[in-house]
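First the structure, in the form of structure tokens, and then the observations on it.
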Amino acid sequence: MQGLCKFGFYEVFKVLYSNMLGEENAYLWRTSLYLAASLSAEFFADIALAPMEAAKVRIQTQPGYANTLRDAAPKMYKEEVGSCFSLCLCLCLSVCVS
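For the sequence shown, numbering that gives the first Met the number 0 begins at 0 and goes up steadily by one.
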């Protein structure tokens, strides 16, 4: 998931920042542009990974809580409505759907 988001968002931000700078400046500042695109992609990929990482830790540390991510995610969402888990999960789903 994180790798998919990193690659996908990197390409999106690379085009977005290139368009913001213009063709000539994008070429002149390409190293900085790639760095900024990579940084932005990593930021959003980490947000996308957070709900799955939280579910993994819950499964590992609380025996009997759930056996799979598919079981743990809805259970955590119901228990922690309004928390960081549910907000990150909603963000991930909205990004994946659009």
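All C-beta atoms in this analysis are idealised placements derived from N, C-alpha and C, irrespective of residue type, glycine included.
For clarity, every value in this text was computed on a predicted model and none was experimentally measured.
Exposed or buried, which one is residue i when buried takes at least 16 other CB atoms within 10 Å?
i, result
"V96", "Low confidence applies to V96: its pLDDT is 48, below 50, so where it sits in the model is not reliable, and the reading given next is rough at best. With fewer than 16 other Cβ atoms within 10 Å, it is exposed."
"F6", "exposed"
"F42", "exposed"
For residue i and residue j, which I take to be in contact (beta-carbon distance under 8 Å), what is that distance rounded to the nearest angstrom?
i, j, result
"Y9", "A36", "5 Å"
I'd like the list of long-range same chain contacts for residue i, defined as Cβ closer than 7 Å, with 5 residues on each side in sequence excluded.
i, result
"M19", "none"
"A71", "A54, R57, I58, Y64, A65"
"A44", "Q1, C4, K5, F8"
Kindly list the residues whose CB is nearer than 8 Å to the CB of residue i, restricted to its own chain and excluding five residues on each side of it in sequence; keep chain order.
i, result
"L131", "Outside the modelled stretch of the chain, which goes from 0 to 97, sits residue 131, for which no answer is possible."
Who are the near neighbours of residue i in its chain, counting only those whose CB is closer than 6 Å to its CB and skipping five residues on each side?
i, result
"S39", "F12"
- prompt: Does the segment 38-58 come close enough to the segment 67-77 to have 3 or more Cβ pairs within less than 8 Å?
  reply: yes
- prompt: Taking the runs of the alpha helix (DSSP H) that are 4 residues or longer, which of them lie wholly in the segment 2-33?
  reply: 22-27
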